[in-house]
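K.L.:
If you scroll down you'll find the structure; I have some questions about it.
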Amino acid sequence: MKLTKIELHHFRNYIDQTLDFSAGINVFLGENAQGKTNLLEAIYVLALTRSHRTNNEKELINWNSQTAQIRGILQKRLGSVPIELDLGPKGKRAKVNHLEQARLSSYVGQLNVILFAPEDLSIVKGAPQVRRKFMDMEFGQMSNRYLYNSTQYKKILKQRNRYLRDLHHHVQSDRVYLDVLSDQLSAYGAEIIFQRLQLIKKLAKFAQRIHSEISQGKETLAFAYKTAVADDQLTSVETIYQNLLNQFKQIKEKEITRSTTLIGPHRDDLNFVINGKEVQSFGSQGQQRTTALSVKLAEIDLMKEQTNEYPILLLDDVLSELDDFRQTHLLTAIQDKVQTFLTTTSLSGVQQELLTNPKIFRIENGNVSLEK
Ligand SMILES: Nc1ncnc2c1ncn2[C@@H]1O[C@H](COP(=O)(O)OP(=O)(O)OP(=O)(O)O)[C@@H](O)[C@H]1O
Ligand SMILES: [Mg+2]
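Residue numbers (the numbering used here): 33 to 404.
Printed below as a string of structure tokens:
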């Protein structure tokens, strides 16, 4: 898919801006703090209805305004689709083909994006929470069911934690209701774990091939999903569900004492392994970079496999972070397939011969002009 046009109204430092994009490579060139990341963020928010930088949606609205709008025109295999996201004090409204979508899950997935920023290196070396967010964001775009399950799961998890706290402080004494919540949490949790396992397996297949190419055959990358559910119980949603439910029975007292839910997908992790060793702990910086790049590029392939369309790629300041070899690999992998938006303060660190017919925009203080 391609994003052919975007319109921004009062989004961050953009007041009224309309831009026509190239179906190939789009470069946003500008000094620091001019609005490059804001523009990529607008595309990301248009796709996912939430930002990668903040959970506070007010920050996305221009300081002198109450509301913001982002509109986009998508070109898909089946035709052109206008999408729109309105942000305001009462929350957000999402439209597809000018029709308001009651459920977020019917909106997210229209535009699929993959974002790669320097902080994405933390996919490999950061806290488990970074990788859980990564799985939720990526898999949620590919599968409405995943998105629905994870929204429900989070809701029930919150209720359950609150209830454990109330039991602990003797505000509540009814343990039957705790069992009801444990049952619901196990049901959604089992769906999420099972779907994660399936999607990780597919992602790993792509990432392994890419990693092997970048490391010139020297390294084999593998993924390992870490969960409280025993390996031999991971065969179906039903077995995972039973296992979680049994464990909840056993750890009930401990959970009440600690006032929190101790097992489930919100505690799981994804580990990357090179030649049998965990990259998180034992990988060199180069190996960590290659792993992050392989995972990002693998996402493109997985997204294509799952949705039948290539996603669009957002590269925030990453080219200058990659050495020539990795740059070449990245840019050749996306060439002629994936519409790309990249930001940089200068093109001097970029191998420009690899950017075929780029459309170059200059960004100054929230104003965009065409450089070439
Ligand atoms: N809600 C808002 N309303 C108006 N301006 C905002 C808002 N949020 C952020 N800004 C402005 O946007 C600027 C940051 O823009 P952005 O993060 O896109 O910079 P950048 O071009 O990516 O810079 P760098 O090269 O340093 O990454 C801030 O300095 C701030 O002035
Ligand atoms: Mg930036």
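Ideal Cβ placement from N, Cα and C applies to all residues, glycine included.
Let me make sure I understand the geometry here. Which of R85, V208 and F280 has the alpha-carbon closest to that of P150?
P.N.:
R85
K.L.:
By the 10 Å Cβ neighbour count, where 16 or more other Cβ atoms means buried, how is P390 classified, buried or exposed?
P.N.:
buried
K.L.:
Can you name the residues that DSSP bridges to Y257?
P.N.:
L302
K.L.:
Does Q107 come out as helix, strand or coil in the three-state DSSP assignment?
P.N.:
strand
K.L.:
Does the beta-carbon of A222, which I'm using as the reference point, lie nearer than 7 angstroms to any heavy atom of ligand 1?
P.N.:
no
K.L.:
Less than 8 angstroms separating the beta-carbons of F60 and I283?
P.N.:
Inclusion of F60 and I283 in the CB contact set at 8 angstroms is not warranted, their separation being larger than that value.
K.L.:
Give the straight-line distance between the Cα atoms of F53 and F373, rounded to the nearest whole angstrom.
P.N.:
9 angstroms
K.L.:
Please classify V208 as buried or exposed, where buried requires at least 16 neighbouring CB atoms within 10 angstroms.
P.N.:
exposed
K.L.:
Hey, how far is the Cα of I75 from the Cα of T323?
P.N.:
25 angstroms
K.L.:
If you run the structure through DSSP and keep just helix, strand and coil, what is G318?
P.N.:
helix
K.L.:
Would the beta-carbon of A65 be found less than 7 angstroms away from any heavy atom of ligand 1?
P.N.:
yes
K.L.:
If K37 sits next to L51, beta carbons under 8 angstroms apart, how far is it from one beta carbon to the other, in whole angstroms?
P.N.:
By a beta-carbon distance limit of 8 angstroms, K37 contacts L51. Their separation comes to about 7 angstroms.
K.L.:
Going along the chain, which residues of its own chain have a beta-carbon closer than 7 angstroms to the beta-carbon of E403, five neighbours each way excluded?
P.N.:
L61, I392, F393 and R394
K.L.:
List the residues that DSSP assigns as beta-bridge partners of P114.
P.N.:
I105
K.L.:
Which one of I272, R82, Y46 and K108 has the shortest CA to CA distance from G172?
P.N.:
R82
K.L.:
On the DSSP bridge assignment, give the partners of A100 in chain order.
P.N.:
L119
K.L.:
Are there any heavy atoms of ligand 1 lying less than 7 angstroms away from the beta-carbon of D206, as far as the coordinates show?
P.N.:
no
K.L.:
Is it the case that the region 189-206 contacts the region 135-155, given that we only count it when at least three CB pairs across the two stretches are under 8 angstroms?
P.N.:
no
K.L.:
For Q142, count the other beta carbons within 10 Å of its own beta carbon; 16 or more makes it buried, fewer makes it exposed. Which is it?
P.N.:
buried
K.L.:
Distance check for R163 and L235, CA to CA, integer angstroms please.
P.N.:
14 angstroms
K.L.:
Can you list, in chain order, the residues of its chain with a C-beta nearer than 6 angstroms to that of S214? Leave out the 5 residues immediately preceding and following it.
P.N.:
F280
K.L.:
Note down the Cα distance separating L329 from D198, rounded to an integer number of angstroms.
P.N.:
If I take the Cα positions, the gap works out to 45 angstroms.
K.L.:
Which residue wins for smallest C-alpha separation from L40, given the options A159, R103, E89 and A79?
P.N.:
R103
K.L.:
Quick one: is the Cβ of D349 within less than 7 angstroms of any heavy atom of ligand 1?
P.N.:
yes
K.L.:
Exposed or buried, what is Q371 when buried is set at 16 or more other beta-carbons lying within 10 Å of its beta-carbon?
P.N.:
buried
K.L.:
Between N397 and the rest of its own chain, which residues show a CB-CB distance below 8 angstroms, the 5 nearest in sequence each way excluded?
P.N.:
N45, Q66 and G67
K.L.:
Measuring from the CB of K68, is there a heavy atom of ligand 2 at a distance below 7 angstroms?
P.N.:
yes
K.L.:
Compare the C-alpha of S422 against each of I146, K124 and D349 and name the closest.
P.N.:
Shown here, the chain extends from 33 to 404; a query on residue 422 therefore has no answer.
K.L.:
Ordered along the chain, which non-local residues of its own chain (more than five positions away) have a Cβ less than 7 angstroms from that of A100?
P.N.:
Taken in chain order, the residues that qualify are H41, H42, F43, L92, I93, N94 and L119.
K.L.:
Consider the C-beta atom of G120 and the heavy atoms of ligand 1; say whether any pair is separated by less than 7 angstroms.
P.N.:
no
K.L.:
Rank S97, N129 and K124 by C-alpha distance to the C-alpha of G111 and give the top, closest one.
P.N.:
Per the Cα distances, N129.
K.L.:
Count the other CB atoms within 10 Å of the CB of E223; is the residue buried (16 or more) or exposed (fewer)?
P.N.:
buried
K.L.:
In chain order, what residues of the same chain lie with their CB nearer than 8 angstroms to the CB of K124, ignoring the 5 residues before and after it?
P.N.:
Once the five neighbours on either side are set aside, the close Cβ partners of K124 are T81, E89, L117 and D118.
K.L.:
Ligand 2 and T271: does the residue's C-beta get closer than 7 angstroms to at least one heavy atom of that ligand?
P.N.:
no
K.L.:
What do you get for T289, buried or exposed, if any count of 16 or more other CB atoms within 10 angstroms of its CB means buried?
P.N.:
exposed
K.L.:
Tell me whether the region 263-275 and the region 180-190 touch, counting them as touching only if at least three CB pairs, one residue from each stretch, are closer than 8 angstroms.
P.N.:
no
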